[in-house]
Amino acid sequence: MHDTQPVIRQNGELHPSRDELAELMRAVIGKGRLFRFQAKGTSMSPFIKDGDVLSLSAIPAHGPRVGNVVAALLEPDGRLVVHRIAAGSANRLTIVGDNSPDQDGYADETAILAKVVRIERNGRRVALGLGPERRLIAFLSRRGWLYPLLNWVRRLRDRIVK
């Protein structure tokens with residue numbers, strides 16, 4: 006089933022449907038511009054948090070790479086996510102949220118709409134998660150170790166902060 010109806014909130018903000026957002030993203034990036042929007046949800050925490058502003062660009066000529074955070078339409082239902090490529094080849098990329106115990110699904114290169122090139126939190130650039138460490142993050146996700154590791158770090162932090 007496809008999400009086709011936009012939602013207009015009481016404050017007058019337009020929240021496009023998944024299909025409309027994908028089309029808008031394609032149009033903006035197709036003109037050589039960055040597509041910017043506010044992230045919603047916690048599936049990519051701690052690297053991308055709810056409310057962060059993401060800038061996305063066209064996929065480079067060499068194609069998407071393991072470790073890249075991308076906007077992708079997942080098989081088989083076309084669900085739009087902004088998650089990390091954890092593994093794969095050109096015709097079958099494994100897509101995973103950093104804060105998820107399981108993979109989301111698969112996408113081929115044609116289903117990758119854009120690549121996240123910048124993250125801003127509270128008006129400041131966030132560097133962690135898009136640099137060389139992205140490959141380690143993808144490796145840990147692929148092995149199923151990232152989610153338990155993040156939970157362990159959170160518990161440790163909570164004990165120290167108490």
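Heads up: the sequence shown is residues 6 to 167, going by the working numbering. All C-beta atoms, glycine included, are put in the ideal place defined by N, C-alpha and C.
Length of the line joining the Cα atoms of residue i and residue j
i    : j    : result
P39  : R148 : Sequence inspection shows Leu at residue 39; the Pro mentioned does not correspond to that position. Distance between the alpha carbons of L39 and R148: 32 Å.
N73  : L151 : 16 Å
F144 : I90  : 10 Å
M6   : L19  : Low confidence applies to M6: its pLDDT is 39, below 50, so where it sits in the model is not reliable, and the reading given next is rough at best. Roughly 21 Å between the two C-alpha positions.
P21  : D109 : 22 Å
I100 : H88  : 6 Å
G83  : I165 : 42 Å
R41  : R123 : 9 Å
L78  : E28  : 12 Å
L118 : W157 : 33 Å
D57  : N96  : 30 Å
P153 : F52  : 15 Å
P65  : V86  : 19 Å
P69  : L61  : 13 Å
Assigned exposure category for residue i - 16 Cβ within 10 Å defines buried
i    : result
K36  : exposed
A76  : buried
A116 : buried
K45  : exposed
G128 : exposed
H67  : exposed
K167 : exposed
S94  : exposed
R139 : buried
L98  : buried
P81  : exposed
A132 : exposed
L141 : exposed
P137 : exposed
Residues bridged to residue i (per DSSP)
i    : result
F42  : L59
E125 : V58, R130
CB contact below 8 Å: residue i versus chain C
i    : result
L155 : Any reference to chain C falls outside this structure, which holds one protein chain only.
Residue i: CB within 7 Å of a non-hydrogen atom of the ligand COA
i   : result
G72 : As for the ligand COA, it is missing from this structure, which has no ligand bound.
* In the segment 70-117, which residue ranges form an unbroken beta strand (DSSP E) of at least 3 residues, counting only runs that do not cross its ends? -> Within the segment 70-117, the complete beta strand (DSSP E) runs of at least 3 residues fall at 74-79, 84-94, 97-101, 108-112.
* Specify whether the segment 95-115 and the segment 45-55 touch according to this definition: at least 3 beta carbon pairs, one from each stretch, less than 8 Å apart. => Below 8 Å, enough C-beta pairs join the segment 95-115 and the segment 45-55 to call them touching: three or more.
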